[in-house]
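Counting with our numbering, you get residues 443 to 1042 for the letters of the sequence shown.
Glycine included, C-beta positions come from ideal geometry on N, C-alpha and C.
See below for the structure under consideration.
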Amino acid sequence: MDSGTDFVVEQLRDAPVFQAIPAAELTALAGEVEVIHVNAGGTLAKQGDAADGVYLLVSGRLRAFAQQPDGGEVAVGEIAAGELVGEMSLLTEAVRNATVRAVRDSQLFFVKSATFNRIIHTQPEATLAIARVLVERLERANAGRQTAPPRRAIALVPAYGDCRGTIESLAAVVGTAVDTEVVTSATVAASLGPDHTEAQLTHWLHRVEAGADLVIYIADDIDTPWGHRCLRQADHIVAVDRTPGSIGDNHVIEVLAGLTVGAIGPTVDAVCVHPPTKHRPSGGHRWIRNRHIRVHHIRDGSSGDLDRVARTMMRKDIGLVLSGGGARGLAHIGVLRAFEEASIPIDVAGGTSFGAIVAFMRALDFTWREMRDAMWDRLARPGAPIDLTPPAVAVSKGSKLMKLLTDGFGETQIEDTWLRYFCVSSNLSTGHPLVHSSGNAAMALRASVAIPGVFPPVASGDGEVLVDGAVMNNLPVDVMASFSNGGPIIAANLRAPAAIAAGELPTDGIVSGWKALGRRLNPLRSRLEVPSVLEILTRSSETGGAESARVLERGADFVLHPPTGDHALLDFGMLDELIATGYEYTMAELARWRAAGHSI
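See below:
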């Protein structure tokens, strides 16, 4: 066999579907396959086309799109090296059920229908392998979590400033966790010589990718031929910005944003590097004007921050979701204390209502002690932020709550947090939850905690009415799934306490407010023991999403239920007791997980 045939046989043998085929049959198959190259953005197959064969993706990445009734398209999955494309259509004798495009430059082997049918009729091991692949895909779909295949090629590119040190550090950290091949313009020249052709380079890169779990391409500059090749060759691009927030040339941002148009190209992350003493990051807005680019902030020289970005590069982000629950949400601080002591890192934080506030403080890199002290100063000592007003819209005016948030977070933007972050409010105008992942944090949090009837709703920039996120999604694990790259998700769900007592509430449902007020003001008579309007409103809000939260728990890998008992929704005076409850419960759960062999 010549070297070209050897390469084809090697790739067929590495593919799960073909590896059980005898050597002689594999060699014969290698002589029948057609080698195909598809450039980044190119179309391999169209939905509705007749199925005339199957493709084996040797290197690169493909994305499948399904046509919608309105004529648009939605991405339904990704295909990584070693996977087949089109086998379902052949097995069911149906037309192609999706349009498949190249995320990046890709090489494939095409196997004609007759050849493929011969294999599945004469090689039962291949048929079983195909069945296993289809079952795995079905199980992933039924699990409710979209998990993309592992990345095989990442490009590290300089954006602004001298990025060489940060790029080398990121490559080194990833290289300690996975079998990695680093490719630079210098390694290409050393291997192929200065006068190599594009065809030689393409073939050599395919061989490099076939021999490593992950290839990291390092670009010297995106405006050079090698820089262009790095962008075309990558599943994922990480751009390093050493001058975040500076005003000036946006050329690199525009180039990278152009790659994400139409949801065809690679995913793009921006890493903004700040001085080690930086308290709160800034400059994220420069990048998030293109909503397809995610922003990460790191402190120069911080190994923890580098590890966080490295986990993102490897699709292993650790996500934390905190539910609402009013004052009982103080138990979340105890959960985070346990995580601190157990050295469990968090890469993405999100939540609803009071859980959104605690998650945001974690995203700003507050320690549990700093959270506790801030809550004591602003909530526990002064009491619940309820400034009573005639209940035309709500029983509270909302000014105390807004002051609490602005005093605590000022003009901080969500895109300028050390950890990526989101919170959820409920959009009464559209009937759907609204995810806040950029913009003014205080305003987003004000919407997320707007308990209907207790605090006034918030108007969105589009004139829509936003209330407490717990109304529609009190445990946004489903939202986190789209943020955490398929990595583990930890959810802390504060389940509702026992139902409030009816007391002297009559069975006919007729209650005079004047009578209740009169007995409250008359020192000679006892109070009318009925639930207060605040108790009814807060209890209604917290129980509304309780059942849906239990369903959403199934999408998390680790679930915590801190036993917060019968504490009232506005019982902020029990700060230390609730923190201790969350801490002791979580430490016990972590020990139980470790004993069972589970590791976050």
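**Prompt:** Roughly how many whole angstroms lie between the Cα atoms of G776 and M1016?
**Reply:** 13 angstroms
- In whole angstroms, what is the alpha-carbon distance linking A791 and Q642? 45 angstroms
Exercise. Take A886 as the anchor and find which of V907, A470, V896 and T872 has the nearest alpha-carbon.
Key: V907
Terminal residues of the beta strand (DSSP E) in which H716 lies: T709 to H716
Subject >> Nearest candidate by alpha-carbon position, reference A826, set A933, A834, P832 and K839 >> reply: K839
In DSSP terms, what G495 is bridged to: K554
Could you tell me if E651 is buried or exposed, where buried requires 16 or more neighbouring beta carbons within 10 angstroms of its beta carbon? buried
Margin query: Suppose only complete runs of 3+ residues qualify. What are the beta strand (DSSP E) ranges in the segment 648 to 678, listed by chain order?
Written below: 656 to 660
Supposed close pair R674, D547 - CB separation, criterion 8 angstroms: 5 angstroms
Applying the criterion that 16 or more other CB atoms from any shown protein chain within 10 Å of the CB defines a buried residue, is V577 buried or exposed? exposed
- Tell me whether T618 is buried or exposed, calling it buried when 16 or more other Cβ atoms sit within 10 Å of its Cβ. exposed
(request) Kindly provide the ranges of any alpha helix (DSSP H) runs that are 4 or more residues long and lie completely inside the segment 764 to 813, ordered along the chain. (result) 773 to 783 and 796 to 805
* Could you say which of H774, E567, A1033 and P899 lies nearest to P833 if we only look at CA atoms? => P899
message: Using only the alpha-carbon positions, how far apart do L436 and G850 sit?
response: With the chain covering only 443 through 1042, there is no way to say anything about residue 436.
- Query: At what residues does the alpha helix (DSSP H) containing E610 begin and finish?
  - Reply: R606 to G617
In terms of DSSP beta bridges, what is P600 paired with? V682
- Item | Span of the beta strand (DSSP E), counted from its first residue to its last, around S1041 | Premise fails: S1041 is in no beta strand (DSSP E) and is neither H nor E.
Less than 8 angstroms between the beta carbons of L598 and A613, yes or no? yes
Tell me, please, which residues DSSP counts as bridged to I730. Per DSSP, none; premise fails for I730.
Along the chain, which unbroken stretches of the beta strand (DSSP E) at least 3 residues long are found entirely within the segment 493 to 547?
-> 495 to 501, 503 to 509, 515 to 522 and 541 to 544
Exercise. Which whole-angstrom value is the C-beta distance of V1045 and V575, which I expect to be below 8 angstroms?
Worked result: Residue 1045 lies beyond the stretch modelled for the chain, which goes from 443 to 1042, so this question has no answer here.
Quiz item: Taking just the CA atoms, how far does L830 sit from L963?
Solution: In this prediction, L963 has a pLDDT of 47, which is less than 50 and means its spatial position is unreliable; what the coordinates show is noted afterwards. Looking at the two C-alpha atoms, the distance is approximately 18 angstroms.
A522 beta carbon less than 8 angstroms from that of N481
no
| query | Can you tell which of M1029, H678 and T685 has its C-alpha closest to the C-alpha of A773? | reply | M1029
Host alpha helix (DSSP H) of E623 (start-end): E623 -> not in any alpha helix (DSSP H); beta strand (DSSP E) instead, spanning T622 to V625.
- Task: Could you check what DSSP says for S841 in three-state terms: helix, strand or coil?
- Result: helix
- Item | CA-to-CA distance, V921 to P787, given in whole angstroms | 20 angstroms
- Query: For the candidate residues R594, E1019 and V877, whose alpha-carbon lies nearest to that of W818?
  - Reply: E1019
Following the continuous alpha helix (DSSP H) through E476, name the residue where it begins and the one where it ends.
Where E476 is concerned, there is no enclosing alpha helix (DSSP H), although the beta strand (DSSP E) it sits in stretches over E476 to V480.
Measure the C-alpha to C-alpha separation of A892 and A1033 and round it to an integer number of angstroms. 36 angstroms
Practice problem: Out of L764, W810 and V835, point me to the one whose CA is closest to A801's CA. | Solution: L764
> Mind checking V993: buried by the 16 CB within 10 Å criterion, or exposed?
Replying inline: exposed
Contact with chain D by V496, beta-carbon distance below 8 angstroms = The structure shown contains no chain D, having only a single protein chain.
| query | Which stretch, first to last residue, makes up the alpha helix (DSSP H) that contains A933? | reply | A933 -> not in any alpha helix (DSSP H); beta strand (DSSP E) instead, spanning I931 to A934.
A573, DSSP secondary structure in three states
helix
Take S871 and list the residues in its own chain whose beta-carbon comes closer than 7 angstroms to its own, dropping the five residues that flank it on each side.
E906 and V907
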